[in-house]
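Before any comments, here is the structure.
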């Protein structure tokens with residue numbers, strides 16, 4: 044494992060957002076959802092694609108807080124321009140479990 048400096052870590056903008064909408068991303072090569080995530084008034088709403096279909100249904104994602112990287116450059120994923128990367132962990136079966144705050148925190152709060 045490579046080590047990084049504190050300065051390297053602080054360059055990554057990990058922020059809390061709330062999922063406003065989630066729908067099946069039919070055009071994706073691998074099963075995924077299109078997400079719209081609200082990061083609060085300062086950062087606004089951003090779109091993302093997330094391969095989380097194994098553990099989540101779209102309707103249960105609405106209102107869920109998530110942690111996302113918001114300072115990657117936008118990435119074209121099929122017809123969707125992804126504007127953030129929602130984070131998660133692979134479980135023993137290889138399915139993605141979202142990285143979420145345990146308690147309510149203000150939208151846009153930075154992880155440090």
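Numbering (the working numbering), first residue to last: 44 to 155. Ideal placement from N, C-alpha and C gives every residue a C-beta, glycine not left out. Quantities reported herein were computed from a predicted structural model and do not represent experimental measurements.
Neighbourhood of residue i by C-beta, 7 Å cutoff - its chain only, sequence neighbours within 5 removed
{"i": "residue 140", "result": "98, 131, 132 and 134"}
Whole-angstrom C-beta distance between residue j and residue i, which should lie under 8 Å
{"i": "residue 80", "j": "residue 129", "result": "7 Å"}
{"i": "residue 112", "j": "residue 57", "result": "6 Å"}
Start and end residues, alpha helix (DSSP H) containing residue i
{"i": "residue 3", "result": "Since the first residue shown for the chain is 44 and the last is 155, residue 3 is missing from the structure and cannot be characterised."}
{"i": "residue 132", "result": "No alpha helix (DSSP H) holds residue 132; the beta strand (DSSP E) holding it covers 131-133."}
Where the beta strand (DSSP E) containing residue i begins and where it ends
{"i": "residue 45", "result": "No beta strand (DSSP E) holds residue 45; DSSP gives it neither H nor E."}
Distance between residue j and residue i (C-alpha atoms, nearest Å)
{"i": "residue 48", "j": "residue 155", "result": "14 Å"}
{"i": "residue 53", "j": "residue 120", "result": "27 Å"}
{"i": "residue 103", "j": "residue 50", "result": "36 Å"}
{"i": "residue 82", "j": "residue 76", "result": "18 Å"}
{"i": "residue 46", "j": "residue 72", "result": "33 Å"}
{"i": "residue 101", "j": "residue 62", "result": "10 Å"}
Chain-order list of residues whose beta-carbon lies under 8 Å from that of residue i (same chain, five-residue window excluded)
{"i": "residue 147", "result": "108"}
{"i": "residue 149", "result": "59 and 83"}
8 Å Cβ cutoff met for residue i and residue j
{"i": "residue 126", "j": "residue 153", "result": "no"}
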